[in-house]
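K.L.:
Dropping the structure in here first, questions after.
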DNA sequence: GGGTCGTCGGTAACCGGTTACCCGACGGTC
DNA sequence: GACCGTCGGGTAACCGGTTACCGACGACCC
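Residue numbers (this note's numbering), protein chains in the order written: chain A, 10 to 352; chain B, 10 to 352.
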């Protein structure tokens, strides 16, 4: 069907080595020879066979990115950024979805696709503390997540505790005292949920306040529907609230939706804060105050760390479990605005 | 580093052919032999080298999906559905982004990644009528889009004209007469924009109405920000409106946001309809009436058509440019609700 | 009991690149 | 004019699977 390097070599009257030298931009090829080869390639419409190259080199040029779900805005935006960063370094990204389910997250580590990619950027959300040993894998991997889970695997973390704490402090600073917590997490989990909750509780404690469990709306899956349901749960208990901290933006958006259904206005009656800074939060009504966790930096850093491992050769193994914590920023928007003084 | 089929064969005391037979689930392998081989595989932790297999078989087991942008909800949801459908058939999906830019869409057709995948599901949005010949490619491809662009390439289309017409008729049926059109498109384009606009105009014409160009808000890039800007444009002209048809959901969401900024309420003052039925539209405030274009069916059908081409062998070339048009459904939600009669 | 058929498994060529190693040619030096 | 160093370019082995072809062995039949 398609032509091979041998065909090109024959047509150009050179050897396969020379063709290889040309396509790989090796030095030490005379201009005349180069031209001959390029002409032949053009004439035959030659395109390199990627499988053969991979087999020979022992690398595929692909990185895998494993995320819970692509349809969650945070992860689709993250994927976009990872793809861009990888592209800059000559890598192609293969996305895998785990559904945020522990079994499927563990499967990712042993998947057949590990043999199709040179390395993995893995964002687990359902693994537990006891799973740490399973992360000691033999292939290059960079984790997106919390330090609690892994010992010697390099990873890029976000400031979950500090971010949630800052968000909560912002609510406190604007006079709110009865803050609902929307979204929960697997008790054995070590993911963002427990850390963000920690930051929330820390801020309350520092202000001498205690969290009333009746103000917690549970929802392990973080999407709009569970956000709405969790909010409904809290409201149905008849407990008074003047603010909401949601564990992420989509939960917050679902919660806002539910508040409106109940005739409560944001931010006049209830202030709302999210976490993630997805694009939608800038266009919701009202726009959502949220924690920007440094997602572009996370994507870029993860790719850089992984590519570095890949190109470092033998020295790769020696590297200690590197950790980078991205810088966060609180994006204050309408959902936590104070009533105008004039009022 | 890792072990090969030869190693397994040696340890199991059989030949590579037998190992191959076992891992590929060929019949005619005695249970005892199978067990020996599986034990050896287990013992060595053998995993097949994917590149070698691809080289030998001449297929990679990967399908490419080229979309404008993953961060647009419509495409992240579509990607999820395509990945699921491909997985069911044993294929892995590689996502490529074109940014909705014509040059990059053309690049996709010649990309190095074509050699890494067995086929392509391509959703072009910026190609023009004159580009049709460029789509006569030598590799298996299924297009997501409009029939106007391609002659003999199999494709899966959505009912853009009929869907937009139904949406517009719904607005007319609820008494709206001064409908703004939000979003525009490349005049030379043949994408969804022109077709949806066509459906809109058709519906108006059928009702004996004419569209006032002052009610068109332009925005070629379809996202929330342009939706808001387009709405602002229309409102700033001082022209009266009682409804909005946006060319897709994110434009509609941006437009709603802008209407609120101007103190207009939806649906009391202005009714709004979108197109795509992204998940967010069910949770916006108010929830958005929209056209559900049959996206799951589109994803499934596209994968089925492509896989069929791939497995059909030589007969593949003979197939005529198959076309499937997905069934749409108008999802009526709050954004077009009639004021309650009691009022 | 010998021949034939069917089953199971071995051998080796092949997929299409990369690259270690080698050689030939050419320019420069004494 | 002979020798040496340098550099462009050729040959062939190798990456790790798949598979055409072939041989061996057991069962079944006459």
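Just so you know, even glycine gets a beta-carbon here, dropped at the ideal spot from N, CA and C.
As the structure is a computational prediction, the values presented were derived from the model and not from experiment.
Give me the residue from 21(B), 57(B), 97(B) with the minimum Cα distance to residue 120(A).
P.N.:
57(B)
K.L.:
Span of the alpha helix (DSSP H) holding residue 320(A)?
P.N.:
304 to 320
K.L.:
Please list, in chain order, all residues of the same chain as residue 351(B) whose beta carbon is under 6 Å from its beta carbon, the five residues on each side excluded.
P.N.:
Bear in mind that the predicted position of residue 351(B) carries a pLDDT of just 48, short of 50, making it too unreliable to give a figure here.
K.L.:
Residues of chain A with CB closer than 8 Å to the CB of residue 89(B), please, in chain order.
P.N.:
78, 79, 80, 106
K.L.:
Taking only three categories from DSSP, how would you classify residue 242(A)?
P.N.:
helix
K.L.:
Measuring CB to CB, does residue 143(B) end up less than 9 Å from residue 136(B)?
P.N.:
In this structure, residue 136(B) lies closer than 9 Å to residue 143(B) by Cβ.
K.L.:
In terms of residue numbering, what span does the alpha helix (DSSP H) encompassing residue 263(A) cover?
P.N.:
258 to 270
K.L.:
Counting only Cβ pairs nearer than 9 Å, list the residues of chain A close to residue 298(B).
P.N.:
What residue 298(B) touches in chain A: nothing, since even the nearest Cβ is about 16 Å away.
K.L.:
Verify the CB distance criterion: does residue 52(B) have a CB-CB separation below 9 Å to chain A?
P.N.:
no
K.L.:
Count the other C-beta atoms from every protein chain shown that fall within 10 angstroms of the C-beta of residue 219(A), then say buried if there are 16 or more, exposed otherwise.
P.N.:
With fewer than 16 other Cβ atoms from the protein chains shown falling within 10 Å of its own Cβ, residue 219(A) counts as exposed.
K.L.:
On the DSSP letters alone, give me the boundaries of the alpha helix (DSSP H) that residue 298(B) sits inside.
P.N.:
Note, residue 298(B): premise wrong, no alpha helix (DSSP H); beta strand (DSSP E) at 298 to 301.
K.L.:
What in chain B is Cβ-close to residue 92(A), meaning under 9 Å?
P.N.:
79, 104, 105, 106
K.L.:
For the beta strand (DSSP E) that residue 283(A) lies in, which residues bound it at each end?
P.N.:
280 to 284
K.L.:
What residues in the stretch 119 to 146 of chain A bring their beta carbon closer than 8 Å to a beta carbon of chain B?
P.N.:
121, 122, 123, 124, 125
K.L.:
For the alpha helix (DSSP H) that contains residue 113(A), what are its first and last residues?
P.N.:
111 to 119
K.L.:
Counting contacts by CB-CB distance shorter than 9 Å, is residue 232(A) in contact with chain B?
P.N.:
yes
K.L.:
Name the chain B residues whose beta carbon is nearer than 8 Å to that of residue 314(A)?
P.N.:
Those within 8 Å of residue 314(A) in chain B number zero; the least Cβ separation is about 22 Å.
K.L.:
According to the neighbour-count rule (16 or more other Cβ atoms, all chains shown, within 10 Å of its Cβ), is residue 293(A) buried or exposed?
P.N.:
buried
K.L.:
Going along chain A, which residues have a C-beta under 7 Å from residue 85(B)?
P.N.:
79, 80, 85
K.L.:
Quick check on the burial criterion: 16 or more other C-beta atoms within 10 angstroms. Buried or exposed for residue 348(A)?
P.N.:
By the Cβ-count criterion, residue 348(A) is exposed, with fewer than 16 other Cβ atoms from all chains shown falling within 10 Å of its own Cβ.
K.L.:
Within 9 Å (strictly less), CB to CB, does residue 63(A) reach chain B?
P.N.:
yes
K.L.:
Kindly list the residues whose CB is nearer than 6 Å to the CB of residue 258(A), restricted to its own chain and excluding five residues on each side of it in sequence; keep chain order.
P.N.:
283, 285, 287, 290, 299
K.L.:
Using 10 angstroms around the beta-carbon of residue 335(A), count the other beta-carbons present and answer buried if the total reaches 16, otherwise exposed.
P.N.:
buried
K.L.:
Taking 9 Å as the CB-CB limit, is residue 292(B) close to chain A?
P.N.:
yes
K.L.:
Taking 9 Å as the threshold (beta carbon to beta carbon), is residue 169(B) in contact with chain A?
P.N.:
no
K.L.:
Counting Cβ pairs closer than 8 Å, one from the stretch 58 to 72 of chain A and one from the stretch 63 to 78 of chain B, do we hit at least three?
P.N.:
yes
K.L.:
If the cut-off is 9 Å on Cβ atoms, which residues from the stretch 245 to 268 of chain A count as contacting chain B, listed in chain order?
P.N.:
The residues in question are 259, 262, 263, 265, 266.
K.L.:
From this set, 14(B), 342(B), 304(B), which residue's C-alpha is nearest residue 180(B)'s C-alpha?
P.N.:
Looking at the Cα atoms, 342(B) is the closest of the given residues.
K.L.:
Go ahead and label residue 161(A) buried or exposed: buried means 16 or more other beta carbons lie within 10 angstroms of its beta carbon, across all protein chains shown.
P.N.:
exposed
K.L.:
Against chain A, with Cβ distances strictly below 9 Å, would residue 178(B) count as a contact?
P.N.:
no
K.L.:
Mind checking whether residue 91(A) and residue 333(A) have CB atoms under 9 Å apart?
P.N.:
no
K.L.:
Could you name the residues of the same chain whose beta carbon sits closer than 8 Å to that of residue 326(A), not counting the 5 residues immediately before and after it, in chain order?
P.N.:
With a pLDDT of 49 at residue 326(A), under the threshold of 50, the modelled position of this residue cannot be trusted, and the question is left open.
K.L.:
Run the CB neighbour count on residue 45(B), radius 10 Å, all protein chains shown included, and call it buried at 16 or more, exposed below.
P.N.:
By the 16-neighbour rule on beta-carbons within 10 angstroms, residue 45(B) is buried.
K.L.:
Exposed or buried, which one is residue 196(A) when buried takes at least 16 other CB atoms within 10 Å?
P.N.:
exposed
K.L.:
How should residue 275(A) be labelled, buried or exposed, when 16 other C-beta atoms within 10 angstroms of its C-beta is the threshold for buried?
P.N.:
Residue 275(A) counts as buried, since at least 16 other C-beta atoms from the protein chains shown sit within 10 angstroms of its C-beta.
K.L.:
Is the CB-CB distance between residue 128(A) and residue 318(A) below 9 Å?
P.N.:
yes
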